[in-house]
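One structure is given below, encoded as C-alpha cells.
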Amino acid sequence: GAVVSQHPSWVICKSGTSVKIECRSLDFQATTMFWYRQFPKQSLMLMATSNEGSKATYEQGVEKDKFLINHASLTLSTLTVTSAHPEDSSFYICSATLPGAGNQPQHFGDGTRLSIL
Amino acid sequence: AQSVTQLDSHVSVSEGTPVLLRCNYSSSYSPSLFWYVQHPNKGLQLLLKYTSAATLVKGINGFEAEFKKSETSFHLTKPSAHMSDAAEYFCVVSTPGGYNKLIFGAGTRLAVHP
Chain H
468 GAVVSQHPSW VICKSGTSVK IECRSLDFQA TTMFWYRQFP KQSLMLMATS
518 NEGSKATYEQ GVEKDKFLIN HASLTLSTLT VTSAHPEDSS FYICSATLPG
568 AGNQPQHFGD GTRLSIL
Chain R
24 AQSVTQLDSH VSVSEGTPVL LRCNYSSSYS PSLFWYVQHP NKGLQLLLKY
74 TSAATLVKGI NGFEAEFKKS ETSFHLTKPS AHMSDAAEYF CVVSTPGGYN
124 KLIFGAGTRL AVHP
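Protein chains in written order, with the numbering used here: chain H, 468 to 584; chain R, 24 to 137.
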C-alpha cells in the first residue's frame, strides 16, 4: 500500500518551454503532497507543500511563478516548471502522506529527471 | 530547531560484513526519525521509522536502528551487507505540526564490495 506514482520519469525539452510533472497517490487519498528538488550527489530540498483545494506553501527562495503547483484532487498534484531554462535541470521528487497522525512517514514517487537544453 | 547530521558521506564495506551508518539529530521536541534509501535515479524508500515507541526499530531488508536520546543518535545497522544494499541513505527528522515537513541529512553513500 501507499504507492505514489510520478510521471514522466524523464523529460528533455528546449529552453523556454513549460514542463508539467504529475504526482499521483494510487491507493490512498493524500490531502498533503510535497515537492522536492535534488541536485546531483546532494540531499533533497523541499520546494513546496501542496494541499488539496488550496494554494501551495512555498519554501523560502523558491519562485512561485516559476514552479506552479496545483493540487486539484485528493490523488493528484502537479508541478509545472514554466519557461524552463538549463539551470532548472534537476531531479524532482514528490511525496505524499497518509491521512491521520502527523508522524506518518512520507511515501515518495520515483522522481522525474528534467533536462533543459 | 530541528537538524540532522550524517557523520559519514561515504561508507564502504565488503559483502557479508556489518553495516553502520551514523546519524545524530537535534530537536527541541520528541522527534520522529526515519531512514530512507535511494537507489540511482529512483525515489526514496522508507527503511524504518521511530515515533517514540520502542527504541530499537526493525525495518525492511534486515536493517535496524536504535534511538539513543542521551546521545541524540539514530544509527542504522545491518549485520551482513548485500551487494543490493549499495545506495544512498538518508536520515530524516520530522518537524512537529500539522504538515509533517521533513528535514533531510546530507546522505551517506554506501558501497558494497565483493
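We treat Cβ as the ideally placed atom computed from N, Cα and C, and that holds for glycine.
- Just by C-beta distance, which residues in the stretch 497-514 of chain H are closer than 9 Å to chain R? Listed in sequence order: Thr499, Phe501, Tyr503, Gln505, Lys508, Gln509, Ser510, Leu511, Met512, Leu513.
- Cβ neighbour criterion (16 or more within 10 Å) applied to Asn84/R: Taking the first residue of the second sequence as position 1, residue 84/R is located at position 61. Of the other Cβ atoms in all chains shown, fewer than 16 fall within 10 Å of the Cβ of Asn84/R; this residue is therefore exposed.
- Message: Residues in the same chain with beta-carbon distance under 8 Å from His136/R, minus the five sequence neighbours each way, listed in chain order, please.
- Response: Here residue 136/R refers to the residue found at position 113 of the second sequence. Excluding residues within five positions, the ones whose Cβ falls inside 8 Å are Ser35, Val36, Ser37, Glu38.
- Query: Helix, strand or coil: how does DSSP classify Asn84/R here?
  - Reply: Residue numbering aside, residue 84/R sits at position 61 when the second sequence is read from its first letter. Asn84/R falls in the helix class under three-state DSSP.
- Could you confirm whether any beta carbon from chain H is found closer than 9 Å to the beta carbon of Phe57/R? Here residue 57/R is taken as the residue at index 34 of the second sequence, counted from 1. At least one chain H Cβ lies under 9 Å of Phe57/R.
- Item | At least 3 beta-carbon pairs within less than 8 Å: the stretch 93-113 of chain R vs the stretch 126-134 of chain R | Judged by Cβ distances under 8 Å, the stretch 93-113 of chain R makes contact with the stretch 126-134 of chain R, as three or more pairs qualify.
- Query: Which residues in chain R sit within 7 Å of Pro572/H, going by Cβ to Cβ distance?
  - Reply: Mapped onto the first sequence, residue 572/H falls at position 105. Scanning chain R for C-beta atoms nearer than 7 Å to the C-beta of Pro572/H yields Phe57, Leu69, Lys72, reported in chain order.
- Message: Tell me which residues of the stretch 104-131 of chain R have at least one Cβ-Cβ distance to chain H shorter than 8 Å, keeping chain order.
- Response: For chain H, the residues of the stretch 104-131 of chain R that bring a beta carbon within less than 8 Å of one of its beta carbons are Phe113, Ser117, Pro119, Gly120, Gly121, Tyr122, Asn123, Lys124, Leu125, Phe127, Gly128, Ala129, Gly130, in chain order.
- Under 8 Å by Cβ, that's how I've got Ala497/H and Thr542/H pegged, so tell me the actual separation to the nearest angstrom. Translated into positions along the first sequence, residue 497/H becomes position 30. Translated into positions along the first sequence, residue 542/H becomes position 75. Yes, they are in contact, since the Cβ atoms of Ala497/H and Thr542/H sit about 7 Å apart, within 8 Å.
- Message: Which runs of the alpha helix (DSSP H) at least 4 residues long sit entirely within the stretch 25-82 of chain R? Give them in chain order.
- Response: Segments of the alpha helix (DSSP H) lying fully in the stretch 25-82 of chain R: there are none.
- How would you list, in chain order, the residues of chain R whose beta-carbon sits under 7 Å from the beta-carbon of Gly576/H? Translated into the one-based positions of the first sequence, residue 576/H becomes position 109. The answer, in chain order, is Gly66.
- Query: Can you list, in chain order, the residues of its chain whose CB lies under 6 Å from that of Ala523/H, leaving out five sequence neighbours each side?
  - Reply: Within the first sequence, numbered from 1, the residue matching residue 523/H stands at position 56. Once the five neighbours on either side are set aside, the close Cβ partners of Ala523/H are Ala515, Ser517, Ile536.
- Item | Option nearest His33/R by Cα separation, candidates Val42/R, Lys101/R, Glu87/R, Thr74/R | In the second sequence, counting from the first residue as 1, residue 33/R sits at position 10. Scanning Val42/R, Lys101/R, Glu87/R, Thr74/R for the CA closest to the CA of His33/R turns up Val42/R.
- Query: Which partner residues does Phe113/R have in the DSSP bridge list?
  - Reply: To locate residue 113/R, count along the second sequence from 1; it is residue 90. DSSP output for Phe113/R lists Tyr59/R as bridge partner(s).
- Residue environment, Asn123/R, which counts as buried when at least 16 other CB atoms sit within 10 Å: Residue mapping note: residue 123/R aligns to position 100 of the second sequence, counting from 1. Under this definition Asn123/R is a buried residue.
- Message: Please classify Tyr59/R as buried or exposed, where buried requires at least 16 neighbouring CB atoms within 10 angstroms.
- Response: As a position in the second sequence, residue 59/R is number 36, starting the count at 1. Under this definition Tyr59/R is a buried residue.
- Query: Do you know how far the Cα of Asp555/H is from the Cα of Glu489/H?
  - Reply: Counted from its first residue, the first sequence places residue 489/H at position 22. Counted from its first residue, the first sequence places residue 555/H at position 88. A direct Cα-Cα distance of roughly 17 Å separates Glu489/H from Asp555/H.
- Exposure label - Phe534/H; buried when at least 16 CB within 10 Å: Walking along the first sequence from the start, residue 534/H turns up at place 67. When all chains shown are included, Phe534/H counts as buried.
- Best match in Tyr503/H, Val486/H, Thr499/H for proximity to Asp577/H [C-alpha to C-alpha]: Here residue 577/H is taken as the residue at index 110 of the first sequence, counted from 1. Closest by alpha carbon: Tyr503/H.
- Query: When the cut-off is 9 Å and only beta carbons count, does Arg491/H lie next to chain R?
  - Reply: Residue 491/H sits at position 24 when you count from the first residue of the first sequence. Chain R, which has no Cβ nearer than 9 Å to the Cβ of Arg491/H, makes this no.
- Query: Where Asp494/H and Val471/H are concerned, what is the direct C-alpha to C-alpha distance, given to the nearest angstrom?
  - Reply: Here the question's residue 494/H lines up with position 27 in the first sequence. Here the question's residue 471/H lines up with position 4 in the first sequence. So the alpha carbons of these two residues sit roughly 8 Å apart.
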